[in-house]
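Beneath this line is the structure, given in C-alpha coordinates, with notes to follow.
Right, here's the structure in full:
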(Lines of atoms letter the chains of each structure in order from A and count residues from 1; the text may use other names and numbers.)
(Lines give C-alpha, C1' and ligand atoms only; values in the text may rest on other atoms or scores of the structure.)
Protein backbone atom coordinates (compact mmCIF):
# COMPACT_ATOMS: atom_id res chain seq x y z
CA UNK A 1 0.00 0.00 0.00
CA UNK A 2 1.37 3.39 -0.95
CA UNK A 3 1.24 6.10 1.72
CA UNK A 4 -0.22 9.50 0.99
CA UNK A 5 2.14 12.41 1.63
CA UNK A 6 1.26 15.97 2.58
CA UNK A 7 3.96 18.53 2.27
CA UNK A 8 7.47 18.00 3.51
CA UNK A 9 7.79 15.56 6.32
CA UNK A 10 4.25 14.16 6.81
CA UNK A 11 2.99 10.78 5.58
CA UNK A 12 -0.43 9.28 6.19
CA UNK A 13 -0.94 5.58 5.60
CA UNK A 14 -4.57 4.52 5.27
CA UNK A 15 -6.02 1.33 6.80
CA UNK A 16 -3.29 -1.16 7.54
CA UNK A 17 -4.59 -4.70 6.98
CA UNK A 18 -6.68 -6.40 4.37
CA UNK A 19 -9.97 -7.89 5.54
CA UNK A 20 -8.32 -11.30 5.57
CA UNK A 21 -5.61 -10.14 7.97
CA UNK A 22 -7.76 -8.21 10.43
CA UNK A 23 -6.82 -9.31 13.90
CA UNK A 24 -3.83 -11.34 12.79
CA UNK A 25 -0.91 -9.78 14.58
CA UNK A 26 1.61 -11.46 12.28
CA UNK A 27 0.33 -9.44 9.33
CA UNK A 28 0.70 -6.06 11.01
CA UNK A 29 3.49 -3.62 10.11
CA UNK A 30 6.81 -4.28 11.76
CA UNK A 31 7.95 -1.64 14.28
CA UNK A 32 10.30 0.95 12.84
CA UNK A 33 13.38 1.96 14.78
CA UNK A 34 13.07 5.56 16.03
CA UNK A 35 15.94 6.61 13.76
CA UNK A 36 14.37 5.33 10.52
CA UNK A 37 13.74 8.95 9.45
CA UNK A 38 13.43 11.37 12.34
CA UNK A 39 12.32 14.23 10.05
CA UNK A 40 9.31 12.30 8.76
CA UNK A 41 6.09 12.34 10.81
CA UNK A 42 3.83 9.33 10.24
CA UNK A 43 0.07 8.92 10.74
CA UNK A 44 -1.79 5.66 10.24
CA UNK A 45 -5.58 5.39 9.83
CA UNK A 46 -6.60 2.04 11.28
CA UNK A 47 -9.66 -0.17 11.56
CA UNK A 48 -10.75 -1.44 14.99
CA UNK A 49 -9.19 -4.84 14.25
CA UNK A 50 -12.43 -6.39 15.51
CA UNK A 51 -11.30 -5.56 19.01
CA UNK A 52 -7.97 -7.44 18.81
CA UNK A 53 -5.88 -5.27 21.15
CA UNK A 54 -2.67 -7.17 20.26
CA UNK A 55 -3.00 -5.86 16.70
CA UNK A 56 -3.78 -2.35 17.98
CA UNK A 57 -0.71 -2.51 20.22
CA UNK A 58 1.58 -3.63 17.42
CA UNK A 59 0.55 -0.69 15.23
CA UNK A 60 0.71 1.77 18.15
CA UNK A 61 4.28 0.64 18.93
CA UNK A 62 5.42 0.68 15.29
CA UNK A 63 6.97 4.14 15.48
CA UNK A 64 3.94 6.21 14.45
CA UNK A 65 3.44 9.80 15.49
CA UNK A 66 -0.34 9.84 14.97
CA UNK A 67 -2.70 6.86 15.45
CA UNK A 68 -6.01 7.56 13.70
CA UNK A 69 -9.19 5.54 14.19
CA UNK A 70 -12.63 6.96 13.41
CA UNK A 71 -15.60 6.52 15.73
CA UNK A 72 -17.74 7.72 12.76
CA UNK A 73 -20.80 8.96 14.69
CA UNK A 74 -22.37 9.29 18.13
CA UNK A 75 -22.95 6.10 20.13
CA UNK A 76 -26.71 6.19 19.60
CA UNK A 77 -26.39 6.02 15.79
CA UNK A 78 -23.66 3.39 15.48
CA UNK A 79 -25.98 0.57 14.37
CA UNK A 80 -27.49 2.80 11.71
CA UNK A 81 -24.19 4.05 10.28
CA UNK A 82 -21.49 1.42 10.82
CA UNK A 83 -20.88 -2.18 9.92
CA UNK A 84 -22.52 -4.30 12.66
CA UNK A 85 -19.12 -5.80 13.55
CA UNK A 86 -17.93 -2.37 14.70
CA UNK A 87 -19.30 -0.34 17.57
CA UNK A 88 -18.63 2.80 19.56
CA UNK A 89 -17.40 1.07 22.73
CA UNK A 90 -15.01 -1.10 20.73
CA UNK A 91 -13.61 2.01 19.01
CA UNK A 92 -13.11 3.74 22.36
CA UNK A 93 -11.35 0.63 23.70
CA UNK A 94 -9.00 0.77 20.71
CA UNK A 95 -8.21 4.45 21.26
CA UNK A 96 -7.81 4.01 25.01
CA UNK A 97 -5.47 1.03 24.51
CA UNK A 98 -3.33 3.06 22.11
CA UNK A 99 -2.76 5.69 24.81
CA UNK A 100 -2.13 3.00 27.43
CA UNK A 101 0.66 1.29 25.47
CA UNK A 102 2.06 4.45 23.86
CA UNK A 103 1.17 7.51 25.99
CA UNK A 104 3.17 9.93 23.82
CA UNK A 105 1.41 9.07 20.56
CA UNK A 106 -1.18 11.52 19.26
CA UNK A 107 -4.52 9.78 18.78
CA UNK A 108 -6.97 11.13 16.25
CA UNK A 109 -10.58 10.31 15.55
CA UNK A 110 -13.48 11.72 13.56
CA UNK A 111 -17.23 11.62 13.42
CA UNK A 112 -19.80 12.64 10.85
CA UNK A 113 -22.57 15.13 11.47
CA UNK A 114 -25.97 15.41 9.85
CA UNK A 115 -27.06 11.83 10.43
CA UNK A 116 -29.82 12.62 12.92
CA UNK A 117 -27.70 13.17 16.02
CA UNK A 118 -28.67 15.75 18.61
CA UNK A 119 -26.41 18.49 19.90
CA UNK A 120 -26.44 16.80 23.31
CA UNK A 121 -25.22 13.53 21.77
CA UNK A 122 -22.41 15.27 19.87
CA UNK A 123 -21.33 17.19 22.95
CA UNK A 124 -21.37 14.03 25.10
CA UNK A 125 -19.32 12.19 22.46
CA UNK A 126 -16.74 14.97 22.29
CA UNK A 127 -16.57 15.27 26.05
CA UNK A 128 -16.19 11.52 26.46
CA UNK A 129 -13.31 11.41 24.02
CA UNK A 130 -11.74 14.43 25.66
CA UNK A 131 -11.82 12.58 28.96
CA UNK A 132 -9.95 9.69 27.33
CA UNK A 133 -7.35 12.11 25.87
CA UNK A 134 -8.39 11.32 22.31
CA UNK A 135 -7.05 14.38 20.56
CA UNK A 136 -7.42 15.84 18.02
CA UNK A 137 -11.03 15.42 16.92
CA UNK A 138 -11.94 15.89 13.29
CA UNK A 139 -15.67 16.26 12.65
CA UNK A 140 -16.80 15.58 9.10
CA UNK A 141 -19.78 15.14 6.84
CA UNK A 142 -18.65 12.94 4.01
CA UNK A 143 -21.48 10.56 3.27
CA UNK A 144 -25.09 11.09 2.31
CA UNK A 145 -26.74 12.80 5.24
CA UNK A 146 -30.29 13.22 6.46
CA UNK A 147 -30.04 16.91 7.19
CA UNK A 148 -28.01 19.92 6.12
CA UNK A 149 -25.47 21.06 8.69
CA UNK A 150 -24.90 24.80 8.51
CA UNK A 151 -21.44 26.39 8.43
CA UNK A 152 -22.37 28.10 11.71
CA UNK A 153 -23.03 24.73 13.36
CA UNK A 154 -19.63 23.44 12.24
CA UNK A 155 -17.99 26.59 13.64
CA UNK A 156 -19.87 26.00 16.90
CA UNK A 157 -18.49 22.44 17.19
CA UNK A 158 -14.99 23.68 16.39
CA UNK A 159 -15.33 26.16 19.28
CA UNK A 160 -16.61 23.40 21.60
CA UNK A 161 -13.66 21.17 20.67
CA UNK A 162 -11.21 23.95 21.39
CA UNK A 163 -12.88 24.71 24.72
CA UNK A 164 -12.65 21.02 25.65
CA UNK A 165 -8.90 21.19 25.11
CA UNK A 166 -8.43 19.22 21.89
CA UNK A 167 -5.09 19.85 20.21
CA UNK A 168 -7.09 20.98 17.22
CA UNK A 169 -10.60 20.57 15.91
CA UNK A 170 -11.24 20.54 12.17
CA UNK A 171 -14.94 21.02 11.62
CA UNK A 172 -16.61 21.66 8.27
CA UNK A 173 -18.66 20.18 5.44
CA UNK A 174 -15.62 19.02 3.44
CA UNK A 175 -13.56 17.76 6.37
CA UNK A 176 -12.44 14.14 6.37
CA UNK A 177 -10.18 12.32 8.79
CA UNK A 178 -7.32 13.06 6.36
CA UNK A 179 -8.28 16.74 6.10
CA UNK A 180 -5.22 18.89 6.59
CA UNK A 181 -3.48 16.00 8.32
CA UNK A 182 -0.39 18.17 8.29
CA UNK A 183 -2.30 20.97 10.05
CA UNK A 184 0.32 23.43 11.39
CA UNK A 185 -0.80 23.13 15.04
CA UNK A 186 -0.44 19.34 14.89
CA UNK A 187 2.93 19.54 13.13
CA UNK A 188 4.21 22.07 15.66
CA UNK A 189 3.07 19.87 18.54
CA UNK A 190 4.64 16.74 17.06
CA UNK A 191 7.91 18.48 16.24
CA UNK A 192 8.25 20.03 19.70
CA UNK A 193 7.91 16.70 21.51
CA UNK A 194 10.63 14.93 19.48
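Numbering (the UniProt record's numbering), first residue to last: 1 to 194.
Using N, Cα and C, we set each Cβ at its ideal position, and we do this for glycine too.
All values derive from a computational prediction rather than experimental measurement.
For residue 120, which residues does DSSP report across the bridge?
In the DSSP output, where bridge partners are listed per residue, residue 120 has none listed.
May I ask you to list the residues that DSSP assigns as paired with residue 45?
68
Give the secondary structure of residue 74 by DSSP, where H, G and I count as helix, E and B as strand, and everything else as coil.
coil
Helix, strand or coil for residue 92 per DSSP?
Three-state DSSP puts residue 92 in a helix.
Assess, as a yes-or-no matter, whether the segment 44 to 58 is touched by the segment 85 to 102 under the definition of 3 or more beta carbon pairs within less than 8 Å.
yes
Less than 9 Å separating the beta-carbons of residue 126 and residue 81?
Going by C-beta atoms, residue 126 is not nearer than 9 Å to residue 81.
Report the option in 39, 171 and 165 whose CA atom is closest to the CA atom of residue 156.
171
Beta-carbon gap between residue 113 and residue 122 smaller than 9 Å:
The Cβ atoms of residue 113 and residue 122 lie closer than 9 Å to each other.
Give me the Cα-Cα distance between residue 48 and residue 146, rounded to the nearest whole angstrom.
Answer to the nearest angstrom: the Cα atoms are 26 Å apart.
Is the CB-CB distance between residue 71 and residue 110 below 9 Å?
yes
Residue 149 - DSSP class collapsed to helix/strand/coil:
Correct three-state label for residue 149: coil.
Helix, strand or coil for residue 87, going by three-state DSSP, please let me know.
coil
With DSSP run on the structure shown, which of helix, strand or coil describes residue 143?
Bear in mind that the predicted position of residue 143 carries a pLDDT of just 41, short of 50, making it too unreliable to give a figure here.
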